[in-house]
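Residue numbers (this note's numbering), protein chains in the order written: chain C, 99 to 382; chain R, 99 to 382; chain A, 99 to 382; chain B, 99 to 382.
Contents: one structure, followed by commentary.
Number of protein chains: 4
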Amino acid sequence: MKNTAVLLLSCPDQRGLVAAIANFLLAHNANILHADQHQDGELKLFLMRVEWDLHGFALPLADFPAAFAPLAAQYRMTWRLAEAAHKPRMAVFVSKFDHCLADLLYRYQSGELHCEIPIILSNHEDTRWLAETYRLPYQHVPVSRDAKEEAERMQLAILHDRKVDFVVLARYMQVLSPRFIAHFPQRIINIHHSFLPAFHGAKPYHRAFERGVKLIGATSHYVTETLDDGPIIEQDVARISHRDTLDDLIHKGADLEKIVLSRAVKWHLDNRVLVYANKTVVFD
Amino acid sequence: MKNTAVLLLSCPDQRGLVAAIANFLLAHNANILHADQHQDGELKLFLMRVEWDLHGFALPLADFPAAFAPLAAQYRMTWRLAEAAHKPRMAVFVSKFDHCLADLLYRYQSGELHCEIPIILSNHEDTRWLAETYRLPYQHVPVSRDAKEEAERMQLAILHDRKVDFVVLARYMQVLSPRFIAHFPQRIINIHHSFLPAFHGAKPYHRAFERGVKLIGATSHYVTETLDDGPIIEQDVARISHRDTLDDLIHKGADLEKIVLSRAVKWHLDNRVLVYANKTVVFD
Amino acid sequence: MKNTAVLLLSCPDQRGLVAAIANFLLAHNANILHADQHQDGELKLFLMRVEWDLHGFALPLADFPAAFAPLAAQYRMTWRLAEAAHKPRMAVFVSKFDHCLADLLYRYQSGELHCEIPIILSNHEDTRWLAETYRLPYQHVPVSRDAKEEAERMQLAILHDRKVDFVVLARYMQVLSPRFIAHFPQRIINIHHSFLPAFHGAKPYHRAFERGVKLIGATSHYVTETLDDGPIIEQDVARISHRDTLDDLIHKGADLEKIVLSRAVKWHLDNRVLVYANKTVVFD
Amino acid sequence: MKNTAVLLLSCPDQRGLVAAIANFLLAHNANILHADQHQDGELKLFLMRVEWDLHGFALPLADFPAAFAPLAAQYRMTWRLAEAAHKPRMAVFVSKFDHCLADLLYRYQSGELHCEIPIILSNHEDTRWLAETYRLPYQHVPVSRDAKEEAERMQLAILHDRKVDFVVLARYMQVLSPRFIAHFPQRIINIHHSFLPAFHGAKPYHRAFERGVKLIGATSHYVTETLDDGPIIEQDVARISHRDTLDDLIHKGADLEKIVLSRAVKWHLDNRVLVYANKTVVFD
């Protein structure tokens with residue numbers, strides 16, 4: 099597999115942007131493998147993802163920020179650079195339902211998710227067996243209603259200690275505080291078991307069943323201060339009928355949740371997701 | 099094509115129901131073509147659709163109510179009988195968007211929808227050309243904010259005059275009053291351009307675009323007093339991406355709306371839909 | 099959970115069948131929970147699945163065959179009875195790809211698949227770790243081109259020894275001989291990694307990639323003597339684009355295969371599948 | 099709406115291509131609105147679609163070919179330029195089934211398809227009413243088995259006379275000769291009523307019904323000399339069950355065919371489709 103670099107950027111739209119970036123890369127002998135851009139016509143915003151082969155690239159990545167700075171300043175870019183060979187460190191939070199965790203760990207082990215998993219954190223002991231199966235560190239941090247802040251402090255300490263880059267909430271049933279979220283802006287991925295914005299909040303399958311919908315959904319999004327309101331990364335649905343009991347909804351939904359969360363995590367790891375205006379661009 | 103009868107019924111669940119109904123029909127020499135039942139375990143409700151060949155059936159349909167009454171009373175059934183050969187009279191309400199109307203009329207003309215269309219009613223003149231193309235009666239009833247009640251009175255008079263059995267709102271952009279709806283309980287079918295309960299009310303595509311969803315939807319439901327809250331008959335979704343503008347959403351959504359509404363209308367005409375507890379059973 | 103019995107039957111269609119079966123069950127005080135029937139109009143065939151609560155059922159299941167025999171003979175029925183409490187014994191065959199096996203085992207362990215797994219058989223050692231994780235017996239039976247018959251003899255001996263009821267081929271990459279298949283008629287479930295009948299046989303993803311299809315598929319079917327030609331239980335598809343490499347197809351396909359195979363296995367276990375005319379009826 | 103130009107090109111992949119094209123356009127003061135590229139890693143091919151605003155563009159489009167020629171030669175590009183304001187002239191061929199024609203005409207009339215329709219050609223009279231509804235020219239060219247060549251000569255004369263740019267076969271049930279096809283390379287779009295390559299050739303719904311598939315499909319593709327084998331532009335599927343008769347398949351399939359064909363035609367008109375290696379790239 100080639101080692102590649104990915105540049106994700108956004109800036110006010112303006113003439114000559116594509117040429118400027120392509121010329122910068124060419125000047126350092128980059129072989130562009132993918133270049134994808136998007137304009138938001140209403141916000142006059144330019145968003146781009148460009149990936150190039152590092153073989154033959156004449157600029158050491160450590161020197162990239164300094165070399166790119168003038169161009170970035172000229173066009174007022176927000177940007178980040180990622181090296182494909184680098185494996186981000188992902189923490190997984192889980193409660194009692196283990197289907198999403200099991201799915202993520204299987205994909206991790208099979209090489210589908212290009213990351214490290216330095217820690218699995220749970221407010222219960224139920225999923226420890228899965229961590230042990232895959233020989234991954236697991237820590238039980240109980241969360242009681244009265245000592246939530248203390249629990250979050252402990253969680254943050256662990257994440258810091260384990261040098262965690264981003265967090266995946268794999269059906270973690272506790273609401274995180276704004277204080278916690280502020281430590282990982284656009285770096286906490288949640289799976290919500292409904293087609294947002296329908297049935298945000300608690301017990302979505304119960305409410306979907308009661309409402310008599312004909313499709314159920316799942317949504318993966320970045321966590322923001324407002325519950326279930328962050329930028330949506332991926333959604334999908336499955337058909338149900340009057341024959342499906344609440345239990346059937348929960349079972350069929352579990353399969354959706356796994357697929358939708360794993361896609362979102364994979365795209366995040368592949369540096370395909372750019373957030374703006376509480377939405378995502380997912381470059382494909 | 100065979101002429102058939104369809105019996106739709108619901109009652110408290112109890113032992114012997116299937117046998118009792120089958121025996122009643124057999125006693126009159128019915129050849130059952132389809133029998134489908136559903137139990138709602140929570141509500142202890144039994145729901146059934148049974149269809150039989152009228153060829154050889156020994157009981158004239160006019161005598162069915164009297165003959166079936168004792169059984170219906172014994173099991174406390176709510177029931178209705180439909181003869182497949184009978185064509186219900188469907189009114190279509192429309193405003194300016196004509197895609198759903200055009201789709202319904204094409205399906206009507208091609209024989210896919212087994213109904214009569216004695217009247218198309220609109221608060222605008224824009225879609226008259228379609229009615230003329232298919233040689234169907236069209237009436238323009240303007241609806242102003244101040245004279246809504248009067249407009250509804252006129253609409254009701256027309257529906258009564260045309261002996262209309264049920265009403266389809268094919269992107270009709272006026273909210274009907276509870277007084278109007280009471281004349282057609284479970285006999286007004288609406289298409290809402292979102293995946294309900296998400297984005298109920300006005301401008302769903304605008305709000306879907308703003309929220310950054312990855313799928314858009316459409317929902318067909320029976321109209322009740324509460325806006326966009328009636329029993330859902332059918333829903334479907336289509337994938338969108340960050341590349342889709344608001345206009346793209348509206349275009350892709352139009353294709354969804356046509357399909358979802360036409361399915362709901364077809365199932366209603368085929369006597370496949372039973373309403374209970376603000377949900378539908380759609381027998382397949 | 100209620101203990102229930104399921105009766106699956108097919109016979110020439112004729113008047114009075116539903117009543118006859120309902121009366122037979124009622125005579126033994128059955129409380130019917132689900133009854134679903136299907137007529138094949140062309141073949142004049144009647145197919146039915148009926149499930150009833152065993153609580154209060156007056157006929158011991160051991161006596162069912164004798165008691166039901168006269169009715170079955172009168173209507174020339176093919177039928178089988180299953181008790182929901184009974185757990186069929188399922189063998190899983192696997193080669194090197196482990197995603198379907200991992201998915202089945204996770205579902206088995208979580209209680210979603212109501213069966214025993216007395217043996218996992220493989221022509222390789224690669225997936226032993228999964229069997230060990232779930233503490234299930236695993237046996238390696240090498241299959242060489244020259245000694246296939248001998249390998250099958252050994253496999254059959256193991257299946258016999260383990261009292262296996264049916265076999266699931268979870269991406270097992272060897273073609274089974276007609277002789278082997280004859281031991282498990284309509285009791286071997288395969289997953290083929292294409293939308294059959296497209297790309298039957300070897301290397302379907304390679305051929306799909308080459309053909310430039312816009313959707314890939316997976317098909318689960320009962321195995322018959324003709325390769326990839328048996329009765330289809332379930333199929334599904336996923337969208338791809340020109341951006342997807344052959345490797346992407348293989349990865350996206352793996353997710354499809356898991357879902358499609360697990361649905362087919364679950365329906366088989368729930369006694370929902372009836373085979374006739376090289377097709378399946380899947381009662382829902 | 100902005101007037102834009104679209105450049106579609108393919109060439110051997112090589113360093114500096116993106117920069118070279120961006121610089122060429124920038125030199126003439128182009129404001130790039132979309133730029134999308136694709137590399138086929140195996141064939142070492144570079145494919146690109148770039149769209150820019152013609153407002154402020156300093157190079158008259160008539161002079162584009164001469165100005166672009168040196169760059170095109172240097173990189174050995176195959177390319178074509180389209181002006182969005184230009185409406186291609188589309189002929190529609192149809193036989194007796196009218197659902198695809200009706201759908202295309204409705205979309206044409208509503209402004210969704212940016213084209214002219216100078217002629218509708220049919221080997222029957224059945225669909226003339228639709229042409230008349232939309233006030234479009236219709237010509238009946240009978241095709242008999244013995245005089246096919248003559249019929250095609252007449253069709254070609256009409257297409258030539260009407261200055262037709264491309265042809266849509268909207269369920270046209272005659273096979274076109276290689277001689278005919280050679281006049282419109284990659285400019286004849288067909289809708290086939292199956293999920294190709296499954297059920298290519300005649301009577302696909304009959305064969306799908308017989309095979310017992312669980313999904314039916316439709317495929318839109320460019321026509322080549324080999325029947326149903328040309329580059330696929332779009333495919334989609336719909337779920338069916340054992341309850342669906344052959345007639346149900348045909349009805350459900352009709353809805354698929356309309357959607358799939360209209361998407362393909364729209365993408366063709368938007369200059370989004372590039373053909374290579376008997377596949378398509380559909381830029382989104």
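Where is the CB? At the ideal position from N, CA and C, for every residue including glycine.
Computed from a predicted structure; not experimentally measured.
What are the boundary residues of the beta strand (DSSP E) that includes residue i?
i               : result
V371 of chain C : V371 to Y374
G351 of chain B : Careful: G351 of chain B lies outside any beta strand (DSSP E), inside the alpha helix (DSSP H) at L344 to L367.
E230 of chain B : Not the beta strand (DSSP E): E230 of chain B falls in the alpha helix (DSSP H), residues R226 to T231.
Q237 of chain C : Y236 to H238
A103 of chain B : T102 to P110
P216 of chain C : E214 to S220
Compute the Euclidean distance between the alpha carbons of residue i and residue j, then round it to the nearest angstrom.
i               : j               : result
D326 of chain R : L344 of chain A : 45 Å
C198 of chain R : K364 of chain A : 39 Å
R178 of chain B : E250 of chain C : 59 Å
D111 of chain B : Q137 of chain B : 7 Å
T378 of chain B : D244 of chain A : 43 Å
P235 of chain B : H304 of chain R : 39 Å
A133 of chain B : P168 of chain C : 24 Å
L152 of chain R : N101 of chain R : 6 Å
S242 of chain B : P329 of chain B : 29 Å
V190 of chain C : A280 of chain C : 17 Å
E223 of chain C : S193 of chain C : 8 Å
E214 of chain R : R341 of chain A : 49 Å
L367 of chain C : H212 of chain C : 7 Å
Y291 of chain B : L347 of chain B : A quick correction: the sequence has His, not Tyr, at residue 291 of chain B. For H291 of chain B and L347 of chain B, the distance between alpha carbons rounds to 10 Å.
Exposed or buried, residue i, counting other C-beta atoms within 10 Å across all chains shown (16 or more means buried)?
i               : result
R205 of chain R : buried
R370 of chain B : buried
D201 of chain C : buried
G310 of chain C : buried
H258 of chain R : exposed
V148 of chain B : buried
P302 of chain C : buried
Mind listing the chain C neighbours of residue i? Cutoff is C-beta to C-beta under 9 Å, in chain order.
i               : result
R147 of chain B : Chain C residues near R147 of chain B: none, gap ~12 Å exceeds 9 Å.
R113 of chain B : L124, N127, A128, N129, I130 and G154
E210 of chain A : H349 and A352
Can you pull the chain B residues whose beta carbon is under 7 Å from the beta carbon of residue i, in chain order?
i               : result
T231 of chain R : T231
P295 of chain A : A296 and R309
Considering residue i, what are the terminal residues of the alpha helix (DSSP H) in which it resides?
i               : result
Q172 of chain A : F162 to Q172
Q253 of chain A : K246 to D259
D201 of chain A : H197 to Q207
Y320 of chain A : Taken as a continuous stretch (DSSP letters only), Y320 of chain A belongs to no alpha helix (DSSP H), being part of the beta strand (DSSP E) at L313 to Y320.
A120 of chain A : L115 to A125
For a contact defined as C-beta to C-beta under 9 Å, what are the partners of residue i on chain R?
i               : result
V190 of chain A : Near V190 of chain A there are no residues of chain R at all, since even the closest Cβ is about 33 Å away, more than 9 Å.
N121 of chain A : A117, A120 and N121
What does residue i reach in chain A if we use C-beta pairs closer than 7 Å?
i               : result
I357 of chain C : D353
A200 of chain C : Y204
Given that residue i touches chain R, what residues does it touch there, using C-beta distances under 8 Å?
i               : result
D346 of chain A : In chain order: nothing, as chain R lies at least about 17 Å away.
Below 8 Å on C-beta distance, what does residue i contact in chain B?
i               : result
R341 of chain R : D382
*Spell out a yes or no on whether the region 345 to 364 of chain A and the region 263 to 274 of chain A are touching, meaning 3 or more CB-CB pairs, one atom from each, closer than 8 Å.*
yes
*Below 8 Å, can you find three or more Cβ-Cβ pairs linking the region 179 to 187 of chain B to the region 333 to 350 of chain B?*
no
_Between the region 248 to 263 of chain R and the region 277 to 289 of chain R, can you find at least three pairs of beta-carbon atoms closer than 8 Å?_
yes
*asked:* I want to know whether the region 154 to 162 of chain R touches the region 224 to 236 of chain R - three or more CB-CB distances under 8 Å.
replied: no
*Do the region 286 to 302 of chain C and the region 290 to 304 of chain R meet, that is, are 3 or more Cβ pairs less than 8 Å apart?*
Yes: the two stretches touch, three or more of their Cβ pairs being nearer than 8 Å.
_Contact the region 345 to 353 of chain A vs the region 103 to 121 of chain B: 3+ CB pairs below 8 Å_ = no
*Does the count of Cβ pairs from the region 119 to 131 of chain R and the region 113 to 133 of chain A closer than 8 Å reach three?*
Verdict: yes, contact present.
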